[in-house]
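Enquirer: Here's a structure for you.
Protein chains: 2
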Amino acid sequence: MDIARDATLHQRILNELESQIVSGAWPPGHRLPFEVDLAKQYGCSRMTVNKVMTQLAKAGLIERRKKSGSFVTQPQAQSAVLEIHDIKTEVASLKLAYSYALLATTEREADIEDRRRLDLEKPGPVLEVRCMHLAAGDPFCLEERLINLEVVPDARHADFSNVAPGPWLLERAPWTAAQHQIQAVGADRETAKLLKLKPETACLVIERRTWNTFGPVTHVRFTYPGTRHRVVADFQPSSSQPR
Amino acid sequence: MDIARDATLHQRILNELESQIVSGAWPPGHRLPFEVDLAKQYGCSRMTVNKVMTQLAKAGLIERRKKSGSFVTQPQAQSAVLEIHDIKTEVASLKLAYSYALLATTEREADIEDRRRLDLEKPGPVLEVRCMHLAAGDPFCLEERLINLEVVPDARHADFSNVAPGPWLLERAPWTAAQHQIQAVGADRETAKLLKLKPETACLVIERRTWNTFGPVTHVRFTYPGTRHRVVADFQPSSSQPR
DNA sequence: AAGTGGTCTAGACCACATG
DNA sequence: ATGTGGTCTAGACCACTTG
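Chains A and B, in that order, are what the protein sequence lines are.
In terms of the UniProt record's numbering, the first sequence opens at residue 1 and continues consecutively.
In terms of the UniProt record's numbering, the second sequence opens at residue 1 and continues consecutively.
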């Protein structure tokens, strides 16, 4: 906890509150101390605390309610930018029946390729999960995931035959940073077979790495039949709207 | 200018400064009034002005330099999220020679499809521009663009044979909101021919709509040979880093 | 009615970069 | 050295919502 030694008072308070939240010490729904109390605790004025709380609220980590206090929001408010797709929700919004199938899980020491995918500096144990998401019984999306067992050791004993690793992780290992890569590729033979496509059909591949304060959490590659999926990102540069 | 009647003082000042910037009245490089002067002008304390300026800086609209003042940043600070690709820069970063070729321009009344692409409510004049971006003489990306002539009438007489419409627009019609859509498609015959690919090769299609305060500005569709291009988006939910 | 966050003030001191 | 933004204070009033 020696991060941010000579930062501003803001930053120090922000970091401390933030780590309470992302570490899970303050779970979703938890009420934060009131501004006046935090001000006393840190020996500063309320304005300073207010600034921090306002930032946390803007970042979506907490929700503020007058007369009641400030509360940690549900798992992750990644709504800001490039949404983290919950595939189940996505399929449901298309009014199709969702189902899920586990293909395989493998535990191993990270090889070179694994370390590249996970942004891992040292070798370490990883869990690979391959699974399929289906809509109305048809292949919707292939998921190939790598989980860093050093950061999420519980994943070793998780049962992914009924719960997809995405939702499972979201509850247990909140992330603080994410990187997306999107590209188009022609389906290779195995992918084509799984998705029931002709080989070389254009597919949209979305890769996402996520980190929390303890390091890389997971790398996941979603392969969608190309024309059946779009990524949408809205963007407004300034901070006008009240939201 | 009757927006935001009963907003907070913050909001009012923010809106006014922001519109000076996005309207172009304060062009890139322009020095904003000092905090103390703005405080006098609005009859408020410096803290209030400071809060606004801090927000503008976070949003990337201005840059603040001690002892010098605050300055409007270059055209658009879309660096935040899903970067607006300047293809010339992109090619340059690959250390390849960039070149550009205009294919065709067409002026017409917006048809149904044009209105859908531009998010246009009423019919109106539009300009279609098709052009190619090349890297080391090879096709790099096909650009198909629609410009709303009601918002950017000057485009009618612009010469796009040497300057790509992207950079041209960026200087003349700053945008305030953008939406991206990304998908993978198999190249149709014409696209394949232009990009020198086999038909049905996987391509990454990035579509972008942009708006400013006067309405839809432009819709553009970039088609890249799939494996040769990736979209990358970093995302950090909270506001920790000093950047 | 009371307690919370939202906003604002009129000062202050400091670090920093140099019209 | 000077003037700028960065930060912080110790108050204050208001609006909202309801332990």
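Where is the CB? At the ideal position from N, CA and C, for every residue including glycine.
These figures come from a predicted structure and were not determined experimentally.
For Trp168 (chain A), report the span of its alpha helix (DSSP H) as first-last.
Expert: Trp168 (chain A) -> alpha helix (DSSP H) spans Pro165 to Arg172.
Enquirer: What does Trp200 (chain B) touch in chain A if you count any residue whose Cβ is under 7 Å from its own?
Expert: First, the residue type needs correcting, since residue 200 (chain B) is Glu and not Trp in the sequence shown. Those are Glu200, listed as they occur along chain A.
Enquirer: With a CB to CB cut of under 6 Å and the five nearest residues on each side skipped, what residues in its chain are close to Ala135 (chain A)?
Expert: Counting only Cβ-Cβ distances below 6 Å, and skipping sequence neighbours, we find Val91 and Leu96.
Enquirer: Excluding the 5 residues preceding and the 5 following Glu18 (chain B) in the sequence, name in chain order all residues of the same chain whose CB lies nearer than 8 Å to its CB.
Expert: Here the set comprises Leu56 and Leu61.
Enquirer: Opposite Asn148 (chain B) in the DSSP bridges: which residues?
Expert: According to DSSP, Asn148 (chain B) bridges with B:Val126.
Enquirer: Grab me the residues of Arg46 (chain B)'s own chain with a C-beta within less than 7 Å of its C-beta, minus the 5 sequence neighbours each way, in chain order.
Expert: Around Arg46 (chain B): Glu35, Val36 and Ala39.
Enquirer: Considering only C-alpha positions, which residue in the set B:Pro167, B:Asn212 and B:Ile13 is nearest to Glu143 (chain B)?
Expert: Answer by Cα proximity: B:Pro167.
Enquirer: Rounded to a whole number of angstroms, what is the C-alpha to C-alpha distance between Phe71 (chain B) and Leu14 (chain B)?
Expert: Those two C-alpha atoms are separated by around 15 Å.
Enquirer: Have a look at Ile112 (chain A) and Phe222 (chain A) and give me their C-alpha separation to the nearest angstrom.
Expert: Spanning the two alpha carbons is a distance of roughly 21 Å.
Enquirer: Starting from Arg221 (chain B), follow its DSSP beta bridges and name the residues at the other end.
Expert: Arg221 (chain B) is bridged to B:Glu144 and B:Glu207.
Enquirer: Count the CB pairs spanning the region 168-183 of chain B and the region 195-206 of chain B that are closer than 8 Å, and state whether there are at least three.
Expert: Touching, per the Cβ criterion.
Enquirer: To the nearest angstrom, how far is it from the Cα of Gly186 (chain B) to the Cα of Ala202 (chain A)?
Expert: Each residue's alpha carbon lies about 5 Å from the other.
Enquirer: First and last residue of the alpha helix (DSSP H) that includes Ser19 (chain A)?
Expert: Note, Ser19 (chain A): alpha helix (DSSP H), Leu9 to Val22.
Enquirer: What does Ala184 (chain B) reach in chain A if we use C-beta pairs closer than 7 Å?
Expert: Residues of chain A passing the Cβ test: Ala184, Ala202, Cys203, Leu204 and Gly226.
Enquirer: Report the three-state DSSP secondary structure of Val81 (chain A) (helix, strand or coil).
Expert: Here the model assigns Val81 (chain A) a pLDDT of 46, short of 50, so the residue's position is not dependable and the matter cannot be decided.
Enquirer: Beta carbon of Thr218 (chain B), beta carbon of Asn162 (chain B): below 8 Å?
Expert: No, the Cβ-Cβ distance between Thr218 (chain B) and Asn162 (chain B) is not below 8 Å.
Enquirer: How long is the line joining the alpha carbons of Ala173 (chain B) and Trp26 (chain A), rounded to whole angstroms?
Expert: One C-alpha to the other measures close to 46 Å.
Enquirer: Within 10 angstroms of the Cβ of Ile226 (chain B), are there 16 or more other Cβ atoms? Answer buried if so, exposed if not.
Expert: Per the sequence presented here, residue 226 (chain B) reads as Gly, with Ile not at that position. Gly226 (chain B) is buried by the Cβ-count criterion.
Enquirer: Determine the burial state of His229 (chain A): buried for a count of at least 16 other Cβ atoms within 10 Å of its Cβ, exposed for fewer.
Expert: Per the 10 Å Cβ criterion, buried.
Enquirer: By the criterion of Cβ-Cβ separation under 9 Å, what are the contact partners of His229 (chain B) in chain A?
Expert: Within chain A, the residues near His229 (chain B) are Gln183 and Ala184.
Enquirer: Can Pro125 (chain A) and Leu195 (chain A) be called in contact, C-beta distance under 8 Å?
Expert: It is not a contact, given that the beta carbons lie outside the stated cut-off.
Enquirer: Taking the continuous beta strand (DSSP E) assigned at Ala177 (chain B), which residues delimit it?
Expert: Start and end: Ala177 to Gly186.
Enquirer: Assuming contact is defined by CB atoms lying nearer than 8 Å, are Phe44 (chain A) and Leu9 (chain A) in contact in what I supplied?
Expert: One point to set straight first is that residue 44 (chain A) is Cys, not Phe, in the sequence displayed. Yes, these two residues count as a Cβ contact at 8 Å.
Enquirer: How long is the line joining the alpha carbons of Leu118 (chain A) and Ala177 (chain B), rounded to whole angstroms?
Expert: Their Cα atoms are separated by approximately 33 Å.
Enquirer: Closest by CA to Ala164 (chain B), which one among B:Pro199, B:Tyr224, B:Cys141 and B:Val232?
Expert: Comparing Cα positions, the closest option is B:Cys141.
Enquirer: Pull up the distance between the alpha-carbon of Glu121 (chain A) and that of Phe214 (chain A), whole angstroms please.
Expert: Their backbone Cα atoms lie some 13 Å apart in a straight line.
Enquirer: Using 8 Å as the threshold, is the C-beta distance between Glu107 (chain B) and Pro123 (chain B) below it?
Expert: Cβ distance not < 8 Å, so Glu107 (chain B) and Pro123 (chain B) don't count as in contact.
Enquirer: So, for Glu200 (chain B): in the same chain, excluding its five sequence neighbours on each side, which residues have a beta-carbon less than 6 Å away from its beta-carbon?
Expert: Gly186, listed in sequence order.
Enquirer: Which two residues bound the contiguous alpha helix (DSSP H) that contains Arg65 (chain B)?
Expert: Unbroken run through Arg65 (chain B) is the beta strand (DSSP E), Ile62 to Arg65; no alpha helix (DSSP H).
Enquirer: Let me confirm a value: His157 (chain B) is counted as buried when at least 16 other C-beta atoms fall within 10 Å, else exposed. Which label applies?
Expert: Flag for His157 (chain B) reads exposed.
Enquirer: If you measure between the beta carbons of Phe160 (chain A) and Thr73 (chain A), is that distance less than 8 Å?
Expert: No.
Enquirer: In angstroms, rounded to a whole number, what distance separates the CA positions of Val129 (chain B) and Leu170 (chain B)?
Expert: Looking at the two C-alpha atoms, the distance is approximately 15 Å.
Enquirer: Keeping to the same chain, check which residues put their C-beta closer than 6 Å to that of Val152 (chain A); ignore five residues upstream and five downstream.
Expert: Within the same chain, Val152 (chain A) has close Cβ partners Ala173.
Enquirer: Can the beta-carbon of Cys131 (chain B) be found less than 8 Å from the beta-carbon of Ala155 (chain B)?
Expert: For Cys131 (chain B) and Ala155 (chain B), no; Cβs fall outside 8 Å.
Enquirer: Please classify His133 (chain A): does DSSP put it in a helix, a strand, or coil?
Expert: Correct three-state label for His133 (chain A): strand.
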